RNA sequence: GGCCCCGUAGCUCAGUGGAUAGAGCAACAGCCUUCUAAGCUGUGGGUCACACGUUCGAAUCGUGUCGGGGUCACCA
């Protein structure tokens, strides 16, 4: 049980003894004591004054005295300022905590709760490479999954690949028309970029054709429909749906190139999925489902044969489920996938990491499920995150202002190389070790930069700031870890044999106390991050921890401590800090180096 | 226009009912013969968009106003 909870319960118990009244956790707060006051935790008395008809001084004194009497091992003393009862934890309670946990790699994680959760993220289109927006999505999805695991859930990571539709046919047509059978291999291009280039090529060509037709005097709307390349593309989509062998073959070939490219990027990012769904399969499930719904009267048809559901009673609108020609729309495949997910995995919750521009869409999906009496409708959760903007405004693929994921990774890794070489601390590393270190640092900087902000909020990507390795950054925390490891290497040998000695330290120094108390909070931090589905909670915590350790580090020597006992104490504090840093960074998907 | 989100230091962000609102970056001033200076210490910087209300207490809750964004497709 955490200190906060322990104190809360102790106070409830003492209040009952003093006043014969039952209070709950909601009736008063236990907070951390502000640094400018003496004490570690504070019981806020204001809300208790009226029900108990007491003055702050009296209540504080009575409660403080009793708490200390009953929990002599936990508290050392207290003070009252206004309505705040500030309690100081005893050295013993802190030392015990340290002794029991300093070497526990699982510290802070919660036991299994047998809840099954699926987290869907990344969900790319197979017509262009991943960009900065995907990176935020992927990092959030992966991190939230790990956080949920740490909180005791059984988590499945999944991805839905948008591998069909008119946009996919566009790159296929462009390749057919202009590539002369070129391949990623023949051009030495990464597969996803290779295909993406043909998607761009399509748009260029399309624009050209539209302009020609407009120049002949036709209105733009008509020209857009008539452009030959667009007509070919629409025909290709029909051929695809009808399973025309050449088209399917081309589709398989080009998607294969893209997947190979994605896999490379995913691997480099250290991300993975337990299950990949394909829209080319789920849209069929969705269609069948709509057909059934039409038969049993859940949905209705309009004159042109299109299928609809009426959601106007829940403040939404009539929603189209299938077009008149029987082809599916965006929501169709989502309905198919929802069913499949819950039936196949028996989920307790299904989390969708999708941008906040799709809030309305996800609401519609949920309402449709609810309307159809699907039992899992309320277990759908849209983890919506804000768009990543550039300092110059929004990213727009049309204007070529999209930040490419692979390029960005390369840049970050290159920057870490530059910094490392300038500092010259790892000259004895082998080539392979250096390469690994650059990846760890570059990716660490990038992941931390994108995860340190609350997912719900829009964020601005500042290229200069993102490659900064000082302050509130991944490398700062990695550096703190490497520093600790350096101390531990210097001491050498197993610390375990030294820890069994008796403690006779009777005065923990402020920074020693601060660190132990802060380390203790880790479990609460994981719970909070899991509850809010918010990795930035972890990022802020681990930064603050590293910061505190660095102050401790310059203030107090570990290896040359005043006494053997102090040395031991500080070694344990250092070890536990390293363990928690490593663990917290792992929840963010960031590795920590032994040296840097 | 309807609905949703956001507005905190020059910039990027924490803080979501408690004490004198915090970090990082940027600026300025210090600290390496001592465990890694990717570090540490200090200084300056605020009408928490605005108004009213609820409360012993509001950046935090409510209502309204202003400003920014998203969305309301037989696009995905």
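In the working numbering, the protein residues as written are 12 to 607. Even glycine gets a Cβ: it sits at the ideal position worked out from N, Cα and C. This structure is a prediction, so every number in the text was calculated from the model and none was measured.
Taking C-beta atoms as the reference points, residue 289 and residue 283 fail to come closer than 8 Å. Within 10 angstroms of the beta-carbon of residue 486 lie 16 or more other beta-carbons, which makes it buried.
Between the alpha carbons of residue 434 and residue 362 lies a gap of roughly 43 Å. Beta-bridge partners of residue 99 (DSSP): 88.
Going by C-alpha positions, residue 307 is about 16 Å away from residue 333.
Measuring C-alpha to C-alpha distances from residue 146 to each of 417, 351, 603 identifies 417 as the nearest.
With respect to residue 423, residue 461 sits apart: the two C-beta atoms are not nearer than 8 Å. Per the Cβ contact rule, the stretch 53-73 is in contact with the stretch 13-30 (3 or more Cβ pairs under 8 Å).
With distances taken between CA atoms, residue 559 lies nearest to 522 out of 522, 574, 551. DSSP, reduced to helix, strand and coil, places residue 470 within a strand of the structure shown.
The beta carbon of residue 239 sits closer than 7 Å to the beta carbons of 220 from its chain, once the five residues preceding and following it are set aside; these are given in chain order. When the beta-carbon positions are compared, residue 151 and residue 396 come within less than 8 Å of each other. By alpha-carbon distance to residue 325, the top candidate from 377, 498, 459, 281 is 377. Distance from the CA atom of residue 297 to the CA atom of residue 268, rounded to whole angstroms, is 27 Å.
Between the C-alpha atoms of residue 604 and residue 115 there is a straight-line separation of about 19 Å.
Judged by their CB atoms, residue 360 and residue 392 are nearer to each other than the 8 Å cut-off. Counting C-beta pairs closer than 8 Å gives fewer than three between the stretch 115-127 and the stretch 76-95, which falls short of the contact rule.
Under the three-state reduction of DSSP output, residue 553 falls in the helix class. DSSP, reduced to helix, strand and coil, places residue 385 outside both helices and strands of the structure shown, so it counts as coil.
Annotated as distal: residue 365 and residue 320, with beta-carbon spacing of 8 Å or more. At a Cβ-Cβ threshold of 8 Å, residue 519 and residue 585 do not count as neighbours. The three-state reading of DSSP puts residue 288 in strand, counting E and B together. Distance check between residue 331 and each of 310, 348, 347, 349 places 310 closest, using alpha-carbon atoms only. In the structure shown, residue 125 falls within a coil segment according to DSSP collapsed to helix, strand and coil.
Residue 565 is not a Cβ neighbour of residue 596, given a cutoff of 8 Å. Check the Cα spacing between residue 317 and each of 336, 563, 280, 405: the tightest is with 336. By the criterion of a C-beta distance shorter than 6 Å, residue 367 is surrounded in its chain by 395, 397, once the five residues flanking it on both sides are discounted. Per DSSP, residue 597 lies in no beta strand (DSSP E) segment; the continuous alpha helix (DSSP H) that holds it begins and ends at 575-598. In this structure residue 131 is buried. Its beta-carbon is surrounded by 16 or more other beta-carbon atoms within 10 angstroms.
If you draw a straight line from the Cα of residue 477 to the Cα of residue 400, it is about 13 Å long. In the three-state reduction of the DSSP assignment, residue 58 falls in the helix class, which pools H, G and I. Across the structure, residue 501 and residue 100 are spaced so that their CA atoms are roughly 32 Å apart. Taking the Cβ atoms as the reference, residue 149 lies roughly 5 Å from residue 133, within the contact range of under 8 Å. In the displayed model, residue 431 falls within a helix according to three-state DSSP. Per DSSP, residue 443 lies in no beta strand (DSSP E); the unbroken alpha helix (DSSP H) holding it starts and ends at 442-462. For residue 57, the number of other beta carbons within 10 angstroms of its own is below 16, and it is reported as exposed.
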